[in-house]
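*Asks:*
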Amino acid sequence: MAPQKKADEEDHDQELEMDLDDDDEWDVSLRPRGSSMSAPLSSSSPHDRPNNGPNIMHALEVDDITALPARVSMPSMASSAAARAQCLDRRSSWLDTAFLLVADIVGTGILGLAAQVARLGWGAGVFFLLVIYPLNIYSGLLLQRLHIAYPATQSYPDIGYAVLGPRWGKIVAVALYAYFFFVLGNYAQVLTQSLQGIFPTSQLCMPHFGLIVTLCLLPFIQLRSMHSLSGLAVVSAVTIFTPLALCVAAIVKHAPTRRPVVPSGVPAGTSFLDAMESFTGILFAYSGQSIYPNLLSEMRKPEEFAYSLSAAAPVLVGSYFVAAAVGVYYLGSGAPHFLMDVLEDEWMRQIGGWCLFLHMLISYTITSAVVSRAIHLWLDPVNANVTTGITPNVQWFFIALAVAMNSYIVSNVIPFFKDLTEIIGALNLGPISFGFPATLYIVHRLRARRKSSGISLKAMSRLDWSVCILLLFLCAYTVPIGLWADVTALIRDWHTFGGPFDCHRYSAEHRSGISKND
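In UniProt numbering, the protein residues as written are 1 to 518.
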C-alpha cells in the first residue's frame, strides 16, 4: 500500500482519460481523487455541491483531481445543458462576448501605436500590427479547446491547474495575477492623467489625482460578474472611439504643412532596444487572453467563441491601423506616445478626457472583477459564490478596495505611460498571450494520447505544431530582451523626469517628457 500511495502522490496531479468519437472531440468529468462517485467540482449553488470540500478548482490552489471518462463531444456540449448548468452560470451569447472583447482590448495600448509604428518604420510597424492579432486569435482558439476539454474551469489558472497540476499550475496563476496587478495600475494611471487633462490648471499632483480616482472607482468595482458588465461594453466602445476620432481630427487639423517622411524600413536612429520597446508596446495593445477563460466560462455555447473573436477582429485591427497610420503619416517620429497629447483645443481636450475617463473606468471595472473574484475564491470559496447577504459583499468590498490601492501604488511607482505599458508587454504578455496557451495545449494533447489506452486519437496537426512553436519562440524572445530594454528606459526616465510618487503635475512640458522620452 505504501509504495502505491507514494506512486499516486508522485503521479501527475491531474489525469485525463477519454472516450473519443471519430471527430476527435471530447468532454471531461472531474472528481476529487479518492471519491467513490463522479461529481463536478462546481455546481449552480454551493449548497448543491457534494461535500468533498470547498470549490477549490476555482481558487488559486487545488487538491488532487482525477478525470473520469465521458462521451460528450465538443459540438454536443450545447445539448448537455444539465451538466453545463452544474458547472457554471452561463448566460452570455457570442455577441455579448464580442462586445466585452472590444471593451477589454481596445484601451490604453491604442494611444501609443502611432509612436511605436513610427519608431519601427512603415514596413515593420504595419507588419506587426497585422500579424499579432491573428496570432492572438489562434492562441484564443487554443484556450477555447482547453476550456471545452475542462468545462469546470473559470479562469486561466484553473486551466493551468487542470492541465499541469498544482505544482506547475501555480506558475500560470502567479504570472496571470502579476499581469492583472500591473495592468490595473496602468488603467489607474490613464484615469489619473485623464483627470489632469480635464483640469489642467489644477495645482494637484499626480498622486493626489490618483487618490481621487481611487474614490471614484469604489462604487463601480462592486459589480461581481462578467455578464452584468456586458451592457457596459457598448458604452465602453463609444467612449474609446470618440476620443480617437477627436485625436485623428486634431492631427489632420494641426498637421504641419510639410509632412515628415517615415522610411519603410527601420529608421536609422532606432536602436535594437528601441525596436524591442516598440514591439512590446504593440503586443500590449492587442492583449486580451488573460480574461478569455473567464469569458468562456460565462458563454452559453463556448464553442461559439471563435465567432466572438472573428467579430471583434475588424474593429480591433481597423481602429488600430487608422490610429497608427494617421499619426505616422502626419506627424512621423513626432507622434506622441500618449495620443491624447495632440488635443490642443480646449473643447476637444475636455470631451476626449471625459470619454477616455469613462472608458478606462469600464475597463478597470471588468479587470478588477476578475482579480477580486480570484482573491475571494482563494480566501473564502463558499462565500465567493454567494451574491446575497452581508458577509460575502463586505468581503468583496475590502478585496476590491485592496486591489484599487495596489493599482494606485503601481501607477505612481512607474508614473510614465510608455514605460509601464511596455514593461507589461514584455514581462507578462509574452507568457500569457503566447507561451502558456501553446504549452498548455501541447501538454494536454500529449497526455491525452498517452492516456488514451489504445483508443485512436489524432495527433496534433502540422499547423498546430507550427503555430505553437512560433508562439513559444515569441515568448522566449520577448521576455528577457524586451524587459531589459524597458527597464533600462524606465531607469533613464526616473533620472530625467522624477521618481516614484513625485509630483508630476499636468503641463505641456512635463506631458511631453513623459510621452516622448526617447
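Heads up, the beta-carbon is just placed ideally off N, CA and C, and yes, glycines get one too.
Under the DSSP definition of a beta bridge, which residues are partnered with S92?
*Replies:* Partner(s): M299.
*Asks:* Reducing DSSP to helix, strand and coil, say where I414 ends up.
*Replies:* I414: coil per DSSP, three-state reduction.
*Asks:* Using 8 Å as the threshold, is the C-beta distance between F128 and F321 below it?
*Replies:* No.
*Asks:* Short check: CB of Q196 to CB of M206, under 8 Å?
*Replies:* Contact: yes.
*Asks:* Assign L60 to buried or exposed, taking buried as 16 or more other Cβ atoms, counted over all protein chains shown, within 10 Å of its Cβ.
*Replies:* Bear in mind that a pLDDT of 31 at L60, under 50, signals an unreliable position, so the number given afterwards is only what the model happens to contain. L60 is buried by the Cβ-count criterion.
*Asks:* Taking the alpha carbon of S264 as the point to measure from, which residue in L309, L218, S297 and A325 has its own alpha carbon closest?
*Replies:* The residue with the shortest Cα to Cα distance from S264 is A325.
*Asks:* Here's the rule I'm using: 16 or more other beta-carbon atoms within 10 Å means buried, otherwise exposed. How should L119 be labelled?
*Replies:* In the sequence on display, residue 119 carries Arg and not Leu. The residue in question, R119, is buried, as its Cβ has 16 or more Cβ neighbours within 10 Å.
*Asks:* For D345, does the three-state DSSP call read helix, strand or coil?
*Replies:* If DSSP states are grouped into helix, strand and coil, D345 belongs with coil.
*Asks:* What ranges does the alpha helix (DSSP H) occupy inside the stretch 251-322, keeping only unbroken runs of at least 4 residues that lie completely in it?
*Replies:* Runs of the alpha helix (DSSP H) inside the stretch 251-322: 272-285 and 292-297.
*Asks:* Does the beta carbon of V234 fall short of 7 Å from some heavy atom of the ligand ADP?
*Replies:* Ligands are entirely absent from the displayed structure, and the ligand ADP is therefore not among its contents.
*Asks:* Can you check which of these residues, Y187, R447, R167 and S236, is closest to S407 by C-alpha distance?
*Replies:* The shortest Cα separation from S407 among Y187, R447, R167 and S236 belongs to Y187.
*Asks:* Need the endpoints of the alpha helix (DSSP H) that Q196 sits in, please.
*Replies:* Y156 to I198 is the span of the alpha helix (DSSP H), which, as asked, contains Q196.
*Asks:* So which of G498, L95 and I414 has the shortest CA-CA distance to V234?
*Replies:* Minimum Cα distance to V234 is reached at L95.
*Asks:* Under 7 Å Cβ to Cβ from Y477, same chain only, skipping five residues before and after it: list those, please.
*Replies:* Closer than 7 Å at Cβ, skipping near neighbours: no residue.
*Asks:* When DSSP labels each residue in this structure, what does C468 get in the three-state scheme?
*Replies:* Of the three classes helix, strand and coil, the one that applies to C468 here is helix, per DSSP.
*Asks:* Using a Cβ-Cβ cutoff of less than 8 Å, which residues in the same chain neighbour L472 once the five nearest sequence positions on both sides are dropped?
*Replies:* Only F434, G435, A438 and T439 meet the Cβ criterion.
*Asks:* Can you tell me whether P431 is helix, strand or coil according to DSSP?
*Replies:* Three-state result, P431: helix.
*Asks:* Using a Cβ-Cβ cutoff of less than 8 Å, which residues in the same chain neighbour A7 once the five nearest sequence positions on both sides are dropped?
*Replies:* Note that A7 scores a pLDDT of 48, beneath 50, so its modelled location is shaky and nothing firm can be said.
*Asks:* With a CB to CB cut of under 7 Å and the five nearest residues on each side skipped, what residues in its chain are close to L343?
*Replies:* Correct list, in chain order: L246, C247, A250, R349 and G352.
*Asks:* Which class does V238 belong to by DSSP, given the choice of helix, strand or coil?
*Replies:* Helix, per DSSP.
*Asks:* Would L164 and V479 qualify as a contact pair, given that the criterion is a beta-carbon distance under 8 Å?
*Replies:* Not in contact: L164 and V479 (Cβ atoms no closer than 8 Å).
*Asks:* Which class does L223 belong to by DSSP, given the choice of helix, strand or coil?
*Replies:* It is coil, neither helix nor strand.
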